[in-house]
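Below you'll find the structure, written out as structure tokens, and then a few comments.
There are 2 protein chains.
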Amino acid sequence: MTSTSSHAAIGIGELASRTHCKPETVRYYEKIGLLPAALRNEGNQRRYSEATVQRLMFIRHARDFGFSVDAVRELLDMADHPTQPCQQVDSLARRHLAEVESRIQRLTVLRDELQRTVAQCDGGSVEQCRIIEVLSDHRLCSHNTAHGGAEALR
Amino acid sequence: MTSTSSHAAIGIGELASRTHCKPETVRYYEKIGLLPAALRNEGNQRRYSEATVQRLMFIRHARDFGFSVDAVRELLDMADHPTQPCQQVDSLARRHLAEVESRIQRLTVLRDELQRTVAQCDGGSVEQCRIIEVLSDHRLCSHNTAHGGAEALR
DNA sequence: CTAATACCTGTAGTCACTAGAGGTTCAAGC
DNA sequence: GCTTGAACCTCTAGTGACTACAGGTATTAG
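So the sequences go chain by chain: A and B.
Residues 19 to 172 in my numbering are what the first sequence lists, from first letter to last.
Residues 19 to 172 in my numbering are what the second sequence lists, from first letter to last.
Given below as structure tokens:
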């Protein structure tokens, strides 16, 4: 048996594989306080309960939604206080949604500018390349504002 | 006069302000080799020509388009060889465009899921909050694949 | 001449992990 | 009991593209 039975303590490897992350990530989350310090067995290895599996699933799912680690910290805190009103949760999620929408907006403008520029390249020499020309002179862009690609990507 | 005359050597502060970045960024670009080592005056301070202003404008504009520093390095290299065919430029720009489009795609899927989730919250207690519930259980999501928000944002 | 400003170098911090070195513990087979 | 290999441990450094200091020097305006 590979110890997948329901209420036995599990090791970091199984915890990681059941939550689609790596042992390094689990140790990292413990270090930054997203997960509490794990119980250890006699040989100093971490042992986890089902409750930790659930907590880590929550964390991974929230991260997968694009919430920052700090936001996840707040969400966990709220989830730990179930009788409180969920206004803060709602507000956090709406702010996140607004950020995603803004990101889409900026990337769409950038995409249009890139498409226009790329479409104008006729495949000659670099000397007459429209892409290089546009990069050399912002006045050739359709907007005179920044594209914001450096922030909207990466 | 604040030394804005056309062909005099300028300092790092003026170079920075004319290219919408900071002196630290200029020094950083020099360090990583995007800009050549600057000439110095008697007091060891960097002095720049108009050519450097142009080069840095190109760099900033390309970064603003979202090209990575490595991509900018390649673009600069190509721009420095004007008689070569611009096929590589074109290919680099098209790959970048594809990346931007993919990013928009992923963020759009994420936005839809977030919108759906946020819309279901009725403002009660955390206990019955749909947002917390969805984060706790991926099966409540409309797709059973990852949302990829952690990679698509950030 | 003085004071404010701009500049210099070098280091560390950001974010959310990931990768590696160098050592220890565990589980299975013989 | 012994061996072997996988899994685990801690600690450090690296990623991208800057940004922010600290502690010192140069320039410039008045």
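Note that CB positions come from ideal geometry on N, CA and C, so glycine has one too.
On a predicted model such as this, the values are computed, not experimentally measured, just so you know.
Check                                                                                                                 : Outcome
CB contact check: serine 24 of chain B to chain A, cutoff 9 Å                                                         : Low per-residue confidence applies at serine 24 of chain B: pLDDT is 48, beneath 50, and the placement is therefore not dependable, though the value from the model is reported in the following sentence. No, because no Cβ of chain A sits closer than 9 Å to the Cβ of serine 24 of chain B.
Collapsed DSSP secondary structure at isoleucine 28 of chain A in the structure displayed                             : strand
Contact set between alanine 164 of chain A and chain B, taken where Cβ atoms lie within less than 7 Å                 : Asp82
Chain B contact residues for threonine 37 of chain A, given Cβ-Cβ distances below 8 Å                                 : Result: empty, since nearest Cβ-Cβ is about 11 Å, beyond 8 Å.
Under 7 Å from the C-beta of glutamine 133 of chain A: neighbouring residues of chain B                               : Leu115
Chain-ordered neighbours of aspartate 108 of chain B on chain A, where CB pairs are closer than 8 Å                   : Val136, Cys139, Gly141, Cys147, Ile149
Supposed contact pair threonine 101 of chain A and leucine 143 of chain B - C-beta distance, whole angstroms, cut 8 Å : Note that residue 143 of chain B corresponds to serine in the displayed sequence, not to leucine. Rounded, the Cβ-Cβ distance is 6 Å, consistent with contact.
Close Cβ partners of leucine 94 of chain B (< 6 Å) along its chain, the five nearest in sequence each way excluded    : none
Proximal residues, the stretch 67–80 of chain A versus chain B, C-beta separation under 8 Å                           : Gln72, Met75, Phe76, His79, Ala80
Contact under 9 Å by Cβ, isoleucine 149 of chain A with alanine 137 of chain B                                        : no
Boundaries of the alpha helix (DSSP H) in which valine 44 of chain A is found, first to last residue                  : 41–49
Serine 143 of chain B in three-state terms, based on DSSP                                                             : strand
Within 9 Å, strictly: CB atoms of arginine 65 of chain A and valine 44 of chain A                                     : no
Exposed unless 16 or more other CB atoms sit within 10 angstroms - verdict on alanine 80 of chain A                   : buried
Histidine 38 of chain B, enclosing alpha helix (DSSP H) - first and last residue                                      : Element bounds for histidine 38 of chain B: n/a, residue is neither H nor E.
Residues that arginine 121 of chain A contacts on chain B, provided the C-beta gap is smaller than 7 Å                : Leu125, Leu171
Presumed contact (8 Å Cβ cut-off) between arginine 73 of chain A and leucine 53 of chain A, rounded CB distance       : 7 Å
Phenylalanine 83 of chain A beta carbon less than 9 Å from that of leucine 158 of chain B                             : no
Phenylalanine 76 of chain B - containing alpha helix (DSSP H), residue span                                           : 68–82
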